[in-house]
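Student:
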Amino acid sequence: MTAAQKETLGFQTEVKQLLNLMIHSLYSNKEIFLRELVSNASDAADKLRFLALSNGELYQGDADLRVRISADKEANTVTISDNGIGMTRDEVISSLGTIAKSGTAEFFKNLTGDQGKDSQLIGQFGVGFYSAFIVADLVTVRTRKAGEAAGVEWQSQGEGEYTLQEIEKEGRGTDIILHLREDETEFADDWRLRSIVTKYSDHISTPVQMYKAEVPESEGEDGEKTPAVPGEWESINRATALWTRDKSELSDEEYKEFYKHVSHDWEEPLSWGHNKVEGKTEYTSLLYIPKKAPFDLWNRERQSGLKLYVQRVFVMDDAEQFMPSYLRFVKGLLDSNDLPLNVSREILQDNKVTQAIRKGCTSRILKMLERMAKNKADDYQVFWNEFGQVIKEGPAEDAANKEAIAKLLRFASTHTDESTQNASLEQYIERMNEGQDAIYYVVADSFTTAKSSPHLEIFRKKGIEVLLLSDRVDEWMMSHLTEFADKPFKSITRGDLDLGNLDDEETKKAQEESEKEVEGLVERIKTALGDTVKDVRFTHRLTDSPACVVADDNDMSSQMQKLMESVGQAAPEAKPIFELNPEHQLVKHLNVEQDEEKFAQWSHVLLDQALLAERGTLKDPAGFVTRLNKLMLDLSK
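If you're matching positions, the sequence shown starts at 2 in the working numbering and goes up one per residue.
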C-alpha cells in the first residue's frame with residue numbers, strides 16, 4: 002500500500018458513540034488526556050522490554066526505552082512519542098478502530114443521555130486513547146512494530162471514520178500527534194505539559210522526556226561570558242518504579258495516581274496495601290480495592306488479574322493466578338525475585354512460589370477489607386454494594402479462608418431494611434435470642450419476596466431474626482457455608498422446623514391440641530394430592546398462612562433448581578413437602594368438607610398458593626385459576 006492507496010474505514014458503531022460522548026461532554030479536568038497517552042506509551046515500552054529478553058534484536062541498537070513529549074505552538078500540536086513495541090496494521094485497526102473489550106453492550110446500555118453523568122462511565126470502561134479527542138479535533142498516529150519493516154499511519158477527526166496508509170518510519174514505536182482545538186492552545190505550552198507529567202506520571206518507571214532548549218552564550222555586566230548550553234532531551238519524571246520506593250516516601254496522592262495508571266480507572270481507589278515480603282519467597286505487592294465495579298465484571302471471558310513484574314521487568318497483564326476468582330476486582334501489581342524471567346502461564350499454574358504469593362495476597366486483601374469494615378463503615382458499604390455478590394462466591398471457592406470471608410458478608414434481615422442490608426454475621430449472633438442455637442435464613446427471588454415469605458411468620462411472632470437472601474448466588478453460597486462461630490446455618494424453608502429451647506411447654510401443648518382437632522386431615526390430603534407431593538404434615542411455623550411447602554433436608558431446594566436451570570443445567574426433580582397450619586380457618590374448613598371433589602380442589606388450591614408464594618411460578622397456572630374460579634362460584638351460591 003502506498004500513500005496514494007490511502008484507505009478510509011468506518012469506526013465500529015460503539016466507537017462512534019464513544020467519540021461523540023468524549024468530544025461533546027464537558028470535562029472538569031481535560032488534562033488527563035496526557036496521563037492516559039503517557040501510560041499507554043509506558044505500557045508499550047514495558048512490553049518491548051519483556052519480548053527483548055528472548056529476542057534482543059528487537060531493540061535494533063536502541064535499548065534506552067523512553068517516552069518523549071513535544072509541543073509546537075505555531076502548529077498548535079502536541080506529540081507523544083515512544084520507542085516501545087509499536088503496532089502492525091491489523092493491531093492498529095483492532096486497537097484504534099474498534100473497542101476490543103468485553104462488556105461493550107453493557108457500557109452503552111448504561112448511558113443515560115446526561116453528558117455529565119455519562120462522562121463518569123468512561124473511566125470505568127477504560128478507553129484511554131480516545132481521551133485524545135477531548136482536546137484535539139484531529140489525531141494522527143504513526144507507528145511501526147518492532148521487527149517489522151513498514152510503518153502505518155492512522156488519522157481521524159473522531160467523526161465516524163479514519164484513514165490508514167502504509168508509511169516509512171525510521172524507528173520502531175508510536176508517535177501520536179494531537180492537532181489541538183482552537184480553544185485548547187494552553188496544552189501547546191512546554192511548561193504546562195511538564196506540570197501535567199509531574200502531577201500524573203512521576204511514578205512510572207519509563208523516563209518521560211521533554212526537550213530543553215539550547216541556551217546561547219551570554220555576557221554579564223562584568224564582561225564575563227557564560228558559555229552556551231546545547232539543547233537536549235531531559236527526563237522530567239523520577240522514572241523509578243513506585244512500588245520499589247519506601248512507603249514512608251510516598252504520599253496518598255502518588256498512590257492514587259499510580260492506581261489510575263495501572264487500572265485505567267478515573268475514580269480513586271477505596272483502599273490500597275503496599276507490602277514487601279521477605280523470607281522463603283520474596284516479592285513486593287501493591288494491591289488496590291476499586292470504588293466502582295467494571296461493567297464486564299460478570300463476563301466469563303473477561304480477563305482479570307494483576308500486572309506481573311519479575312525483577313522489575315514487566316512480564317504480563319492480567320496474571321490471574323495470583324488472586325482467586327472471587328477477588329477478581331482487585332487491581333495492582335506484583336514484583337517477584339523468585340520467578341523466572343521467561344515465565345509462562347503454564348509455569349505459573351503449578352509453581353510453588355505462585356501458590357505462596359497467591360496465599361499471601363489473598364490473606365492481605367481479606368485483612369484490608371476487614372479493617373475497612375471495622376474502621377470505615379461507609380466505605381465498606383460502598384464496596385459491598387459494588388462487589389458483594391462477587392465476595393459471596395468465596396465460601397465455595399476458598400475453603401481455607403471461609404471464616405474470614407464469612408465475616409465480610411453482609412445481609413438484609415428481618416431486623417434491617419432493604420436500603421441498608423448491612424447485617425454482619427457477628428452482629429446477628431450478638432442479637433440472637435436466649436436459647437437460639439442456629440442462624441436462620443431464607444432464600445428467595447427478591448428482597449420483597451423474601452420479606453413476605455410465609456415461613457417467617459413464627460419467627461416474627463417470637464422476635465427471632467432471619468437473614469433475607471435474594472441474590473442469584475445466595476443458594477449456592479449457603480450450600481458451602483454451613484456454620485459460623487460454631488453456629489449452624491438453617492434454612493427456614495427446608496425440613497421440619499424445630500425451634501428447640503425457643504418453644505415453651507405451654508406452646509407445645511397448645512400445638513398438639515390444635516392438631517387433634519383436625520386429626521385425619523393429613524391422610525385425606527395425601528390421597529387427594531397423590532404423587533404431586535413428597536409428604537403432607539402439620540406445621541407450626543405458620544401463624545397467618547394456611548399452608549406452605551418446604552424441601553426435604555436431602556433434596557435440592559427450589560432456588561437451587563432455578564439457578565441450575567438458568568445456566569442450562571438439568572436439575573433433578575424434587576417434590577415438595579406440603580405443610581398445613583392446623584390453627585388456620587381454611588384448614589379447619591377443609592377438615593369438615595364432605596364433598597370429596599371439592600375437598601380435592603381445595604387441597605390443590607392450597608398447594609398451588611403455597612408453591613406460588615415459595616417459587617413465584619406454577620407449572621399449571623391455568624389449572625389453578627380454573628379450580629379457584631369454580632370454588633369461588635360454589636361459595637357464592
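Note that CB positions come from ideal geometry on N, CA and C, so glycine has one too. Predicted model, so just to flag it, every value in this text is computed and none were measured.
(1) Rounded to the nearest angstrom, how far is the Cβ of alanine 147 from that of leucine 59, given a contact under 8 Å?
(2) Where does the unbroken beta strand (DSSP E) through threonine 285 begin, and where does it stop?
(3) Are three or more beta carbon pairs between the region 226-234 and the region 258-272 nearer than 8 Å?
(4) Quick check on histidine 541: does DSSP put it in helix, strand or coil?
(5) Name, in chain order, the residues that DSSP records as bridge partners for glutamate 162.
(6) The alpha helix (DSSP H) that contains serine 196, what's its start and end?
(7) Under the rule that 16 or more other beta-carbon atoms within 10 Å means buried, what is threonine 494, buried or exposed?
(8) Would the beta-carbon of glycine 306 fall within 7 Å of that of alanine 294?
(9) Is it buried or exposed for glutamate 154, if we count other Cβ within 10 angstroms and need 16 for buried?
(10) Of all the alpha helix (DSSP H) runs that stay within the bounds of the region 345-383, which reach a length of 4 or more residues?
(11) Tell me which residues share the same chain as lysine 393 and place their Cβ nearer than 6 Å to its Cβ, disregarding the 5 neighbours each side in the sequence.
(12) Pick out whichever of Ala611, Tyr284, Glu32 and Ile205 has its Cα sitting closest to the Cα of valine 263.
(13) Between leucine 288 and valine 331, is the Cβ-Cβ spacing less than 7 Å?
(14) State the Cα-Cα distance for the pair alanine 401 and arginine 359, rounded to the nearest angstrom.
(15) What does the alpha-carbon distance come out to for the pair glutamate 458 and lysine 576?
(16) Can you list, in chain order, the residues of its chain with a C-beta nearer than 6 Å to that of leucine 243? Leave out the 5 residues immediately preceding and following it.
(17) Quick check on the DSSP output: the beta strand (DSSP E) that includes tyrosine 310 runs from which residue to which?
(18) If the criterion is Cβ atoms closer than 7 Å, does the pair valine 39 and serine 202 meet it?
(19) Got a sec? Which residues, its chain only, sit under 8 Å from serine 196 by beta carbon, not counting five neighbours each side?
(20) Using the rule of at least 16 other Cβ atoms within 10 Å of the residue's Cβ for burial, across every protein chain shown, is arginine 1 buried or exposed?
(21) Is it true that the CB of glutamate 187 sits closer than 7 Å to the CB of lysine 213?
(22) Considering Cα atoms alone, identify which of Met211, Gly361 and Tyr163 is closest to aspartate 191.
(23) Taking the straight line between their C-alpha atoms, what separation do you get for arginine 337 and threonine 285?
(24) Any chance the region 610-618 sits against the region 528-543, with 3 or more Cβ pairs inside 8 Å?
(25) Can you look up glycine 280 in the DSSP assignment and give me helix, strand or coil?
(26) Name the DSSP beta bridge partners of glutamine 304, please?
(27) Run through DSSP, which three-state label would lysine 517 get?
(28) Using 10 angstroms around the beta-carbon of tryptophan 385, count the other beta-carbons present and answer buried if the total reaches 16, otherwise exposed.
(29) For asparagine 592, collect the residues of the same chain with a Cβ closer than 6 Å to its Cβ; drop the 5 residues on either side in sequence, then sort them by chain order.
(30) Please specify which runs of the alpha helix (DSSP H), each continuous and at least 4 residues long, are wholly inside the region 51-105, giving them in chain order.
(31) Let me check one thing: in DSSP terms, what residues is tyrosine 442 bridge-paired to?
(32) Quick one: what does DSSP say asparagine 630 is sitting in, helix, strand or coil?
(33) For the beta strand (DSSP E) that contains serine 264, what are its first and last residues?
(34) Please state whether the Cβ-Cβ distance between phenylalanine 490 and isoleucine 440 is less than 7 Å.
(35) Would a C-beta distance cut-off of 7 Å place glutamate 466 and arginine 411 closer than the cut-off?
(36) Measure the Cβ-Cβ separation of valine 551 and isoleucine 578 and say whether it is below 7 Å.
Tutor: Answer, in terms of the structure:
(1) 4 Å
(2) 284-290 is the extent of the beta strand (DSSP E) around threonine 285.
(3) no
(4) If DSSP states are grouped into helix, strand and coil, histidine 541 belongs with coil.
(5) Gly11
(6) 191-201
(7) Result: buried.
(8) No, the pair does not count as a contact, with Cβ atoms beyond the cut-off.
(9) buried
(10) 346-351 and 353-376
(11) Taken in chain order, the residues that qualify are Val474 and Met478.
(12) If we check each option's Cα against that of valine 263, Ile205 comes out closest.
(13) yes
(14) Those two C-alpha atoms are separated by around 13 Å.
(15) 23 Å
(16) His204 and Phe259
(17) 307-311
(18) yes
(19) Once the five neighbours on either side are set aside, serine 196 has no close Cβ partner at all.
(20) Residue 1 lies beyond the range of the chain shown here (2 to 638); nothing can be said about it.
(21) no
(22) Minimum Cα distance to aspartate 191 is reached at Met211.
(23) Correcting the residue identity first, residue 337 is serine in this sequence and not arginine. So the alpha carbons of these two residues sit roughly 6 Å apart.
(24) no
(25) Under the three-state reduction of DSSP output, glycine 280 falls in the coil class, being neither helix nor strand.
(26) DSSP lists no partner for glutamine 304.
(27) helix
(28) buried
(29) Val519 and Leu522
(30) 90-93
(31) Checking the DSSP bridge columns, you'll see tyrosine 442 partnered with Leu468 and Ser492.
(32) Three-state DSSP puts asparagine 630 in a helix.
(33) Run containing serine 264: none in the beta strand (DSSP E); it sits in the alpha helix (DSSP H), 253-264.
(34) yes
(35) no
(36) yes
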